[in-house]
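Undergrad:
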Amino acid sequence: MPGWKSSFARSLAIVFCAFAAAGWQDPQADARKFAEIQARVERGEPISREDREWAQEYRRRQMTKSGAPDEAQKKLIEEFRKKNPPRDSTGLVPLTDLGRGRYQGEEGGLYPGGVNVPPSHHLKAGLAMAKQIAPVDAQGKPSPDGKIVLLSIGMSNTTQEFQVFKKLAASEPGLNPRLAIVDGAQGGQTARVTADPRAKFWDVVAERLRGAGVTERQVQVAWVKQANARPTEPFPAEAKRLSADLIKTLQNLHDKFPNLKIAYLSSRIYAGYANTALNPEPYAYEEGYSVRWLIQDQIAGNADLNADPDKGAVKAPVLLWGPYLWADGTAGRKDGRLKWLREDLGADGTHPSRPGCAKVADLLLDFF
Numbered sequence: 397m398p399g400w401k402s403s404f405a406r407s408l409a410i411v412f413c414a415f416a417a418a419g420w421q422d423p424q425a426d427a428r429k430f431a432e433i434q435a436r437v438e439r440g441e442p443i444s445r446e447d448r449e450w451a452q453e454y455r456r457r458q459m460t461k462s463g464a465p466d467e468a469q470k471k472l473i474e475e476f477r478k479k480n481p482p483r484d485s486t487g488l489v490p491l492t493d494l495g496r497g498r499y500q501g502e503e504g505g506l507y508p509g510g511v512n513v514p515p516s517h518h519l520k521a522g523l524a525m526a527k528q529i530a531p532v533d534a535q536g537k538p539s540p541d542g543k544i545v546l547l548s549i550g551m552s553n554t555t556q557e558f559q560v561f562k563k564l565a566a567s568e569p570g571l572n573p574r575l576a577i578v579d580g581a582q583g584g585q586t587a588r589v590t591a592d593p594r595a596k597f598w599d600v601v602a603e604r605l606r607g608a609g610v611t612e613r614q615v616q617v618a619w620v621k622q623a624n625a626r627p628t629e630p631f632p633a634e635a636k637r638l639s640a641d642l643i644k645t646l647q648n649l650h651d652k653f654p655n656l657k658i659a660y661l662s663s664r665i666y667a668g669y670a671n672t673a674l675n676p677e678p679y680a681y682e683e684g685y686s687v688r689w690l691i692q693d694q695i696a697g698n699a700d701l702n703a704d705p706d707k708g709a710v711k712a713p714v715l716l717w718g719p720y721l722w723a724d725g726t727a728g729r730k731d732g733r734l735k736w737l738r739e740d741l742g743a744d745g746t747h748p749s750r751p752g753c754a755k756v757a758d759l760l761l762d763f764f
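Residue numbers (my numbering): 397 to 764.
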């Protein structure tokens, strides 16, 4: 997840001259202040004009170093690594392997009962929705010449992985010619952002749909993979906060894409190699519970996530797990399908590298 909203990132290149008299602190203190402003932006929180301009000037100063390493930033990374050394394995048990076992009091499994398949009535609801998925025209009316849009929603990791999936799917023989795969995920746009129906994020999604020659009414399936930046609170506080943001995000999806039938949800990949506080372990692991709780609540009849018109106002699509992407580093998981090696992550140990994106893309292709 890159540190800045796209709109803010573009503005960082603007040179401001108002800082000639501004009092700059020591490099490490400046780096910390920059990181704090960055974190607020990532969380979708407003920042003052003064802080915005300070950050722009700080960034400009870094850029004028002609690529020289930022020693203050390196020092922050070193401090984080001392407290949180990179690990090939955490000892945490993937939800798919945990079953009826417990993590801090919470049962394992992707679905209630410690199992990895949905209960029969929820599966039936999902299958009923899936049968309704068919090509529709720009107004959302059935048409053999229409489109079925699969849309991704999420942050930077999501778009990195989904872009590779798009290319992989495009080369797949027998791909439905009526299927349009659109990447709506955007760097820096965390769940805190997508929870806001007025966020610029949704305007960008609309632009991307138009660019693909499709409309909001043709979106019928979504892959949602979200997170929040720089979590700090112990379990379950941060996971609950993410879950609350995801409820609002899913309600936004329902409101903005009236023909959306199913949302497939995934949580994050392994983050034991992280060298910054952007989203390290155990938060990446615990985000699996954020997703699990959402689906569990819909199954239990939570009105905020209702997908059945016979039970009241529809607020969300049918929710199901997409591919579960977490495995315990090199220890992997019992199905033997996934391990996360250091080379699968980028330099920050948080974003996937090309091999890491390829692993997720393969899992998505197998799933869909």
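Heads up, the beta-carbon is just placed ideally off N, CA and C, and yes, glycines get one too.
When you compare the CB positions of S723 and V560, do they come within less than 7 Å of one another, or not?
TA: Looking at the sequence shown, residue 723 is not Ser but Ala. No, the Cβ-Cβ distance between A723 and V560 is not below 7 Å.
Undergrad: Give me the residue from G522, E634, Q585, P573 with the minimum Cα distance to E683.
TA: Looking at the Cα atoms, E634 is the closest of the given residues.
Undergrad: Could you give the uninterrupted runs of the beta strand (DSSP E) lying entirely in the segment 639-680, keeping only those of 3 residues or more?
TA: Fully enclosed beta strand (DSSP E) runs of 3 or longer: 658-662.
Undergrad: Could you tell me whether the segment 530-538 touches the segment 732-739, using the rule of 3 or more Cβ pairs below 8 Å?
TA: Counting Cβ pairs under 8 Å, fewer than three are found: no touch.
Undergrad: Return the CA-CA distance between L506 and I695, expressed in angstroms with no decimal places.
TA: If I take the Cα positions, the gap works out to 12 Å.
Undergrad: Pairs of beta-carbons, one from the segment 699-706 and one from the segment 635-642, closer than 8 Å: are there three or more?
TA: The segment 699-706 is not in contact with the segment 635-642.
Undergrad: Near A608, what residues of its chain come up, given a Cβ to Cβ distance below 6 Å and the 5 sequence neighbours on each side ignored?
TA: Cβ within range, chain order: A576, V578.
Undergrad: Output the distance between the C-alpha atoms of F558 and T486, rounded to the nearest integer angstrom.
TA: Distance between the alpha carbons of F558 and T486 is about 27 Å.
Undergrad: H517 to T492, Cα distance in whole Å?
TA: Whole-angstrom Cα-Cα distance: 21 Å.
Undergrad: In three-state terms, what does DSSP make of W420?
TA: Low confidence applies to W420: its pLDDT is 47, below 50, so where it sits in the model is not reliable, and the reading given next is rough at best. Residue state, collapsed to three classes: coil.
Undergrad: Taking the alpha carbon of Q385 as the point to measure from, which residue in P630, L674, A709 has its own alpha carbon closest?
TA: In the structure as shown, the chain begins at 397 and stops at 764. Residue 385 is therefore absent and cannot be evaluated.
Undergrad: Apart from the five residues on each side of it in sequence, which residues of its chain come closer than 7 Å, Cβ to Cβ, to L656?
TA: Answer for L656: V615, Q616, A618, L649, H650, P713, listed in chain order.
Undergrad: Give me, in chain order, the residues of the same chain whose beta-carbon lies closer than 6 Å to that of N624; leave out the 5 immediate sequence neighbours on both sides.
TA: Here the set comprises T586, A587, R588, L638.
Undergrad: Grouping DSSP H, G and I as helix and E and B as strand, with all else coil, what is P748?
TA: Strand at P748.
Undergrad: Give me the Cα-Cα distance between L564 and A757, rounded to the nearest whole angstrom.
TA: If I take the Cα positions, the gap works out to 7 Å.
Undergrad: Rounded to the nearest angstrom, how far is the Cβ of K621 from that of S662, given a contact under 8 Å?
TA: Contact flag correct, Cβ pair sits at about 4 Å.
Undergrad: Tell me where the alpha helix (DSSP H) around G723 begins and ends.
TA: The amino acid at residue 723 is misidentified as Gly; the sequence shows Ala. Looking at the DSSP string, A723 is not in any alpha helix (DSSP H), and its letter there is neither H nor E.
Undergrad: Let me know if V513 comes out buried or exposed under the rule of 16 or more other beta-carbons within 10 Å of its beta-carbon.
TA: Exposed, because fewer than 16 other Cβ atoms sit within 10 Å of the Cβ of V513.
Undergrad: Could you check what DSSP says for G550 in three-state terms: helix, strand or coil?
TA: G550 falls in the strand class under three-state DSSP.
Undergrad: Pick out whichever of A703, P482, G504, E475 has its Cα sitting closest to the Cα of A743.
TA: A743 has its Cα closest to that of P482, out of A703, P482, G504, E475.
Undergrad: For G809, which residues of its own chain have a beta-carbon under 7 Å away from its beta-carbon, when the five flanking residues on both sides are left out?
TA: Outside the shown range of the chain (397 to 764) lies residue 809, about which nothing can therefore be said.
Undergrad: Which runs of the alpha helix (DSSP H), 4 residues or longer, sit entirely within the segment 577-606?
TA: Within the segment 577-606, the complete alpha helix (DSSP H) runs of at least 4 residues are 587-590.
Undergrad: Assuming N480 and H747 are in contact, meaning their beta carbons sit under 8 Å apart, how far apart are those beta carbons, in whole angstroms?
TA: So it is not a contact: roughly 17 Å between Cβ atoms.
Undergrad: Based on DSSP bridge pairs, tell me the residues matched to I544.
TA: L575.
Undergrad: Please find out if some non-hydrogen atom of the ligand FAD comes closer than 6 Å to the beta-carbon of A659.
TA: No copy of the ligand FAD appears in this structure; indeed no ligand is present at all.
Undergrad: Measuring alpha carbon to alpha carbon, tell me which of A427, D541, R738 ends up nearest D484.
TA: That would be R738, whose Cα lies nearest to the Cα of D484.
Undergrad: Please say whether L715 and L690 have beta carbons closer to each other than 7 Å?
TA: Taking 7 Å as the Cβ cut-off, L690 and L715 qualify as a contacting pair.
Undergrad: Leaving out five residues before and five after R664 in sequence, what residues of the same chain have Cβ atoms less than 6 Å from its Cβ?
TA: Within the same chain, R664 has close Cβ partners A623, A680, E683.
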